[in-house]
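Undergrad: One structure is given below, represented as C-alpha cells, and several questions about it will come after.
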Amino acid sequence: MIETENQLGSRAGSGGLGQYEEAAATITDGNGGGGNGIDANGGSVAAADVKTLEDAGAAMKKEEQEGGTATPTPPTAAPPMPGVNDEDDDDEEDAEEEEEEEEDDEEGGIAVEGVTTAVREEIGGMLAGEGGGGGGMAGYWRQSRPSSPRMPPPEQSEQPRPKSRQHESTGARYNNLGYWRARRVTFYKNGDPYFPGVEFRFKPGRDIGSLEALLDRLSLRLDLPRGARHIFSMDGDRKINLDELEDGASYVVSSYKTFKPASYGKKNNTWYTAPAPGGGGGSRSGVAGTGSGVGGGWQSRPPAVASLSRKASISDEAPPPGGGGKPSSGRVIRIVNNHDHTVQCRVLLNLRTSQPFEEVLEDLGQVLKMNGAKRMFTVSGQEVRSFSQLRNEFADVDTFYLGTGSVLGVTGAITTSPARRSRSRGPPPVVEEVGRQRRARSKSRPRALYAADSEVVRVNDYSVVEVLREEPARVTIRGLRRSFYPPSHLPPVDNSPPEKKLQLEWVYGYRGTDTRRNLWVLPSGELLYYVAAVAILFDREENAQRHYIGHTEDITCMEVHPSRELVASGQRAGRHRKAQPHVRIWSTETLLTLYVFGMTEFQMGVSALAFSQLNGGSYVLAVDAGREAILSVWQWQWGHLLGKVATMQEDLTGAAFHPLDDNLLITHGRGHLTFWNRRKDGFFERTDIIKPPSRTHVTSIQFEQDGDVVTADSDGFITVYSVDADGAYFVRMEFEAHNKGISSLVMLSEGTLLSGGEKDRKIAAWDSLQNYKRITDTKLPELVGGVRSIYPQRPGRNDGNIYVGTTRNNILEGSLQRRFNQVVFGHGRQLWGLAVHPDDEVFATAGHDKNIALWRRHKLLWTTQVGFECICIAFHPFGVALAAGSSEGHLLVLAADTGAAVATLRVCGSPLSCIGYNPTGEIVAMGSQNGSVYLFRVSRDGFSYKKSNKIRGTQPLVQLDWSSDSRFLQTVTQDYDLVFWDVKVLSSEKSPLVMKDVKWYTHNCTVGYMVSGMWNNRYYPLTTVVTTSSRSAAHDMLVSGDAEGYLRLFRYPCTSAKAEYVEEKVYSSLVACARFLYNDQNVVTVGGTDAALMLWELVDE
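Per my numbering, the sequence shown starts with residue 342, numbered consecutively.
Now the structure itself:
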C-alpha cells in the first residue's frame, strides 16, 4: 500500500476515514471490481478536512493556473515519510505491486491507484498524469522528477505535527515543508527570444547556498558574453536573493544591468496554456462518467507513451527503448571482416529492400574490402540467411561477421551434427560466446554450433572478444558526434592528475601594439610591464624575471603608486562570471594581492587607472571601458566607492588626478579633454576643454611644476593649458612637435619634456623653462617600430638614459646622444608558428610580422626578416634546417645555426597552415587551406627541396602528424575531422579502423582516440574547444590549450572524460600552439592573436 504524507497521521478522524471509504468504493466499482483498497492496519490513512474527488480536481486546475506545470512522479516511487510503520507498509506495498502487475498482464489495462494516493497527492500537490490521453486532466502533467514535499494549505499549517518528529527543530523555516522542497526554475538569455531555456533544479541551502553560487553554475550552462551576473523576472524586476526565486517560475539571466523585454520561450513553443478539462479520448482508468473530469489523471503506473498535448523540455526526454524491440524498416549493425577482425564498420541496413539477401552480403563485403562475401554469422556462430532472421530471431544481436563461403580462416576439427552439416554451406566461424543470447523468437532452432575455448580465432595474438571489448570513443565537437577507434593493444589508462605542474618561467616580448603608458622602472631597478594576463618584473642585471599572475584575463591598464612600492592593475572582462573586470592592488616586493575592488562595477573592462598625488595615493580613479565610460573614484584601502559619473565618451584614452588637487580629475580621448571637479557630496562638475565635433585626439597628458597641463594629440601638436584668476583654463601655448601622432609624453624632474612619435619614430627633448625650446631629437630604426612609451632609467637623475617601448613589442634602452640597444624582443603581430629542436633545448617561432626567431631558453639567438607572413614552422629531424610555411603558399628554408635563408619555393596559392618532416628527414609534408597535402623530397643535408606529389583534399587542414614508418599522415581539418593519408598510394584513407594500430612519430593533432579525454571532460564546460595539443617525448604527458586561454597538462594516453589535469590560465584568447621541449622539462606556448610567447617549467606537485 502506498503511504500517505506525515501530515495525514496527525489529523486522524473517523468521519474523514468514512468519506474516503465511500470514495474508494466508488472507484473500485468503476474499475470492474479490481483495484487497491485502504490500509487500515497501520492507521496511516486518516485525515481531517477531507475533500471529494471533485474538490481535488478543482485544486489540480487551480495549481496548474497558479504554479505552472506540476511535475509528478509515479506513486509507487514515493518515499515514505518518517514516523510511519515502514516495514509493514513496505511488505504490503510490494504485495500490492505484484497484484497490479498480474492484473495488467491479464487485462492489458492500467490499474487504478487507491484513494490513499489521491489523498497524498491532494495534500502534497503532486499530480500524476497519464500520457496516453484520456478524460479530464490526464496527460497534462509530466513525470520527470522524484516526489518532494509541498507546502501545506494555509488552513492546515497550524495542525500539530506527529509525535515521532517532536525532536526536530521547531523553527518556522524548517517546519515548513516548502523549505525542503526542490525548486524547478527555467532561465532564459537576456534579449534572446529564440533561446529554448535551461531548466535548473536545486534545493536552496543544500544544493546551492547563495545567489552567487547559482550565478556561477549558470555561467557554465548559458553562453553569455560576460557570464551570468544578474537575474530578472519576466517583468524586469532584479532578483538579489535566492529566496526570491519561486518554484515553476521563469527568469532572465543577463551579463549586464539592463533588462531587455522579449517574448521569452514563446517562439520556441515552450510556453503552453493548459487544455480545458474533460478533453481527450477515452480513459482506461475505470473512472468514467464523473462530472469533474479527473478520472484520467489518477493512475497507479506511469504511462508508456508521453502525452502529445505538451512538448517535453530538455530534461524530460523519454528514456531510449530497451533492446529487444523489433525494428520495422531498418537497423544499425556492426559488421566485422572474418579474415581480418581489425576491419569493422557500422552500417544502417534497410530490412525492407527488394534486393536479394545474397547481393546485400556482397555489398557489405565491399564495405569491408572483402571479395565474394556470401555468409553472415553472429558472434556466437549462428548463421544468418534472411532479412526475416535479422528482424525476428536476431533482433537483439548488434555484431555480425562476414565470410566468403568456404573455410572461414579456422583450422582444426569442428564438432557438427551430420544432419546440420548437410544443410549448411560451410563451417561457420568459431568464436567465443559473448554473453548469454536471448531465446530465439522463431520456431527454427539456431543453426550454428559452438567450439571449445582452444579454438578461438586469434589475429595478431588477440581474440575476437578482445577486439570487441573496447568501444570507440564518441566525442561531441561543435555539435557534431565523432567516433575514434582504440588500438588493439591499449596501454593502461591513468585518470589521475600528473605528478608535475606548470610554473611560468619566462615571458618573451612586450605589449605595445594596443596599449599606452605601460612601462615603468621600480626602485629595485626592475623593468615593469605586462603581457597578456601577466605582469613582468624584469631584472636586467640578473637576467631574471618575476611574475604577478593574479589576473584571470588580459591586463588592460596599470599604474604605479607614488611610493613606487605598490601597483594597481585592471583587467578586461572575460566570458565567465569569475573573470569579471576589476582592479587589483599588489606589492612589487612580495607579489601578493593586497586589495581587490570593483568586481560588479565594470562592464567591459578597465581602460584607465591613476593614483592621487597630494594625499599620498589614497584615492584611485578607474574608467570603465563600456559604452558609458563611467569614471569612478575609490578609497582603495577600504574598497569604498566615493563617487562615479558617466563620461559618455566612446574612445577615452586616459585619465589622471591633478598633482595639486585630489578632487580635480582630467580625462582625455578622441575629441575629448574634460576637467571633473568632485564635490563633497560625491557629484562631479564638468568642464569641457575639447569636445565634439573636434577631431583632435588627445593621446597623452603631463603636468608642469606649477600645475599647468601639457597635452599631446594625434596631429603631432603639443598644447599647454593654464588657468586664469577666475579659474578658467585657456591655451597658453601650442606648437608642432612631430609630423604625425604623438603617443607618449614624459616630464623629467629638471623640467625637460620628452615626446615620442608613433609614426615618425622620433624622440624629441623640449626645455619647458625656455618656452619649450627643442633641445635634441633622435630617430629609431624602422624594424623596431614607433614609440609607444618612454620612462627614465633612473628616475630623479638627470643622466638622459631612458627606456623606450615600441609599437612592435620591443623594449630599447639608450639616450638621445647615443644609439639605442634592444633589451626585449617580441613578435609585433600575430604569432602562430612554433617548432622545437629534436635534441636540444632550442625552439623557433615564426609570425605575421615576417620575423623568424630562434631562442635558447631565456636568450634570443638570432632573428631573420623574411618576405612573407609565416603561419607554421618545423625543424628538420637532424636539427640542421628550418622550414616555414607562409600565408601566400611559399615554403621558406633557413639554416638553423645562422638563420640565413637557403631557399624559397612556391607551393600553392593558399596559406600553408601546417608542416612537418617525416622521421628520416627525406620528405616534408605541408597541409594547405585548400585541403590538399603537398609532398617535397629533401636532400640529405636538408637544404635542397624538390616537389614530389600532391594529395588532393577538400577541407582546410590545421594540424599534421607523420607515422613512425613514414607511410601515413594524419591531419585535423578546420572542422575537427580526423583525416588519414596514405603517402605511397597518394590518397586519403577512408576507413579509420585500418589506421587504429598505426604508431605516430608525433601527436600534435587535437583529435583522436589517444587524446579523446581532452574533449567533453567532466571537469570543465562541454563547450570547450581544444586548439592545440602535444605529446611528450617520453609518451607519458599531454599538454593542451583551448580557445579560452587555458593551458592543461594531462597524463598520456588521455582517453577518458574523467581524466584529471593541472591547469594554468594567463591568456585571454586562444592558445595557438603548445609544445614540449626536448627534455620534457619545459613547455613553450604561443598566444596567436596577442603574440604572447611563454616558457613554462614542469615542477613536482
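Yeah, the Cβ is synthetic: ideal placement off N, Cα and C, and Gly gets one too.
Shortest alpha-carbon distance to Gly1349 belongs to which of Phe825, Ala714, Val725, Arg570?
TA: To locate residue 1349, count along the sequence shown from 1; it is residue 1008. The candidate whose alpha carbon is nearest that of Gly1349 is Phe825.
Undergrad: Can you tell me the Cα-Cα spacing of Asp533 and Ile1143, whole angstroms?
TA: Here residue 533 refers to the residue found at position 192 when the sequence shown is read from its first residue. Here residue 1143 refers to the residue found at position 802 when the sequence shown is read from its first residue. Approximately 53 Å, taken between the alpha carbons.
Undergrad: On the DSSP bridge list, what partners appear for Phe1184?
TA: Counting from 1 along the sequence shown, the entry for residue 1184 is found at position 843. DSSP lists Val1177, Trp1196 as partners of Phe1184.
Undergrad: Taking C-beta to C-beta, are Ala970 and Gln990 nearer than 7 Å?
TA: Residue mapping note: residue 970 aligns to position 629 of the sequence shown, counting from 1. Residue mapping note: residue 990 aligns to position 649 of the sequence shown, counting from 1. Contact flag set, yes.
Undergrad: Quick check: the Cα distance between Gln685 and Ile896, rounded to an integer number of angstroms?
TA: Residue numbering aside, residue 685 sits at position 344 when the sequence shown is read from its first letter. Residue numbering aside, residue 896 sits at position 555 when the sequence shown is read from its first letter. So the two alpha carbons sit approximately 52 Å from each other.
Undergrad: Just curious, the alpha helix (DSSP H) that Phe1417 is in, first and last residue?
TA: For the purposes of this step, residue 1417 is identified with residue 1076 of the sequence shown, where counting begins at 1. From DSSP, Phe1417 is part of no alpha helix (DSSP H) but of the beta strand (DSSP E) over 1414-1417.
Undergrad: Suppose you measure from the CA of Ala1398 to the CA of Val1339; what does that come to, to the nearest Å?
TA: What you label residue 1398 is simply residue 1057 of the sequence shown in a count that begins at 1. What you label residue 1339 is simply residue 998 of the sequence shown in a count that begins at 1. Whole-angstrom Cα-Cα distance: 23 Å.
Undergrad: For Glu1210, does the count of other Cβ atoms within 10 angstroms reach 16, so buried, or fall short, so exposed?
TA: Within the sequence shown, numbered from 1, the residue matching residue 1210 stands at position 869. Burial call: buried.
Undergrad: To the nearest angstrom, report how far apart Asp1047 and Pro1000 are at their CA atoms.
TA: Here residue 1047 is taken as the residue at index 706 of the sequence shown, counted from 1. Here residue 1000 is taken as the residue at index 659 of the sequence shown, counted from 1. Spanning the two alpha carbons is a distance of roughly 9 Å.
Undergrad: Short of 6 Å in beta carbon distance, which residues of its chain neighbour Asn1345, apart from the five on each side in sequence? Order them along the chain.
TA: Mapped onto the sequence shown, residue 1345 falls at position 1004. Result list for Asn1345: Gln1300, Asp1302, Ser1371, in chain order.
Undergrad: If you drop the 5 nearest sequence neighbours on each side, which residues of the same chain put their C-beta closer than 7 Å to that of His1231?
TA: Stepping through the sequence shown from its first residue, residue 1231 is reached at position 890. Answer for His1231: Phe1209, Thr1245, Leu1246, Arg1247, Val1248, listed in chain order.
Undergrad: Would the beta-carbon of Gly1174 fall within 7 Å of that of Ala1222?
TA: In the sequence shown, the residue the question calls residue 1174 occupies position 833. In the sequence shown, the residue the question calls residue 1222 occupies position 881. The answer is no: Cβ separation not under 7 Å.
Undergrad: Taking Asp1421 and Ser1373 to be in contact with their CB atoms under 8 Å, please state how far apart those CB atoms are, rounded to whole angstroms.
TA: If you number the sequence shown from 1, residue 1421 lands on position 1080. If you number the sequence shown from 1, residue 1373 lands on position 1032. Yes, they are in contact, since the Cβ atoms of Asp1421 and Ser1373 sit about 5 Å apart, within 8 Å.
Undergrad: For Asn1357 versus Thr856, is the C-beta distance shorter than 7 Å?
TA: On the sequence shown, residue 1357 is found 1016 positions in, with the first residue counted as 1. On the sequence shown, residue 856 is found 515 positions in, with the first residue counted as 1. Going by C-beta atoms, Asn1357 is not nearer than 7 Å to Thr856.
Undergrad: Count the other CB atoms, across all protein chains shown, that sit within 10 Å of the CB of Leu1363; report buried if there are 16 or more and exposed otherwise.
TA: In the sequence shown, the residue the question calls residue 1363 occupies position 1022. With fewer than 16 other Cβ atoms within 10 Å, it is exposed.
Undergrad: Return the residue from the list Glu1438, Val1407, Glu1401, Ser1409 that minimises the CA-CA distance to Pro838.
TA: As a first step, residue 838 must be located in the sequence shown, where it is residue number 497. Out of Glu1438, Val1407, Glu1401, Ser1409, Glu1401 has the C-alpha closest to the C-alpha of Pro838.
Undergrad: Does the separation of the CB atoms of Trp1196 and Gly1240 fall below 7 Å?
TA: Counting from one through the sequence shown, the residue named residue 1196 turns up at place 855. Counting from one through the sequence shown, the residue named residue 1240 turns up at place 899. Not in contact: Trp1196 and Gly1240 (Cβ atoms no closer than 7 Å).
Undergrad: Tell me whether Trp1437 is buried or exposed, calling it buried when 16 or more other Cβ atoms sit within 10 Å of its Cβ.
TA: Translated into the one-based positions of the sequence shown, residue 1437 becomes position 1096. Buried, because 16 or more other Cβ atoms sit within 10 Å of the Cβ of Trp1437.
Undergrad: With 16 other CB atoms within 10 Å as the buried threshold, where does His888 fall?
TA: By one-based count along the sequence shown, residue 888 stands at place 547. Per the 10 Å Cβ criterion, buried.
Undergrad: DSSP has Glu540 in a bridge; who is on the other side?
TA: Mapped onto the sequence shown, residue 540 falls at position 199. Note: Glu540 sits in a beta bridge opposite Thr527.
Undergrad: Could you check if Asp992 is buried or exposed, using at least 16 other CB atoms within 10 Å of its CB as the buried criterion?
TA: To locate residue 992, count along the sequence shown from 1; it is residue 651. Under this definition Asp992 is an exposed residue.
Undergrad: If we ignore side chains and look at the alpha-carbon of each, how far apart do Val688 and Val677 end up?
TA: As a working note, residue 688 is residue 347 in the sequence shown. As a working note, residue 677 is residue 336 in the sequence shown. Roughly 11 Å between the two C-alpha positions.
Undergrad: Cα-Cα, which of Phe698, Glu587, Phe573 is closest to Arg522?
TA: Here residue 522 is taken as the residue at index 181 of the sequence shown, counted from 1. It is Glu587 whose Cα lies nearest to the Cα of Arg522.
Undergrad: Do three or more CB pairs link the segment 1152-1161 to the segment 1177-1184 at distances below 8 Å?
TA: Cβ pair count under 8 Å is below three, so no.
Undergrad: Take the Cβ of Gln730 as the centre, count every other Cβ of all protein chains shown within 10 Å, and call the residue buried at 16 or more, exposed below.
TA: Walking along the sequence shown from the start, residue 730 turns up at place 389. Classification of Gln730: buried, given that the 10 Å Cβ count is 16 or more.
Undergrad: State buried or exposed for Phe1025, treating a residue as buried only when at least 16 other CB atoms are found within 10 Å of its CB.
TA: Position 684 of the sequence shown, counted from the start, is the residue given in the question as residue 1025. Answer is buried; the Cβ neighbour count reaches 16.
Undergrad: Can you look up Ser560 in the DSSP assignment and give me helix, strand or coil?
TA: The residue you call residue 560 lines up with position 219 of the sequence shown. Helix.
Undergrad: Can you list, in chain order, the stretches of the beta strand (DSSP E) that have 3 or more residues and sit fully within the segment 1204-1291?
TA: List check, beta strand (DSSP E) in window: 1211-1216, 1222-1227, 1231-1236, 1242-1247, 1253-1258, 1264-1269, 1274-1279.
Undergrad: Report back the beta-carbon spacing between Asn956 and Asp1003 to the nearest angstrom; my notes put them in contact at under 8 Å.
TA: The sequence position of residue 956 within the sequence shown is 615, counting from 1. The sequence position of residue 1003 within the sequence shown is 662, counting from 1. Confirmed, about 5 Å.
Undergrad: Go to Asp1003, then tell me how far its alpha helix (DSSP H) extends in each direction, as first and last residue.
TA: Looking up residue 1003 in the sequence shown gives position 662. Segment 1002-1010 is the beta strand (DSSP E) holding Asp1003; no alpha helix (DSSP H) there.
Undergrad: Buried or exposed: where does Thr1347 fall if 16 or more other Cβ atoms within 10 Å of its Cβ makes it buried?
TA: Looking up residue 1347 in the sequence shown gives position 1006. With 16 or more other Cβ atoms within 10 Å, it is buried.
Undergrad: Could you check the C-alpha separation between Tyr849 and Ala951 for me, to the nearest Å?
TA: For the purposes of this step, residue 849 is identified with residue 508 of the sequence shown, where counting begins at 1. For the purposes of this step, residue 951 is identified with residue 610 of the sequence shown, where counting begins at 1. Each residue's Cα considered, the two are about 27 Å apart.
Undergrad: Quick one: give me the first and last residue of the alpha helix (DSSP H) that Gly706 is part of.
TA: As a working note, residue 706 is residue 365 in the sequence shown. First-last of the alpha helix (DSSP H) with Gly706: 698-708.
Undergrad: Cα-Cα, which of Gly1262, Trp1107, Thr740 is closest to Asn721?
TA: To locate residue 721, count along the sequence shown from 1; it is residue 380. The residue you asked about is not Asn; residue 721 is Ser in the sequence shown. Considering only alpha carbons, the answer is Thr740.
Undergrad: Put Met1088 into one of helix, strand or coil per three-state DSSP.
TA: For the purposes of this step, residue 1088 is identified with residue 747 of the sequence shown, where counting begins at 1. If DSSP states are grouped into helix, strand and coil, Met1088 belongs with the strands.
Undergrad: Among Phe1219, Ala1176, Gly1220, Ala1242, whose alpha-carbon lies nearest the alpha-carbon of Val1207?
TA: The sequence position of residue 1207 within the sequence shown is 866, counting from 1. Answer by Cα proximity: Ala1242.
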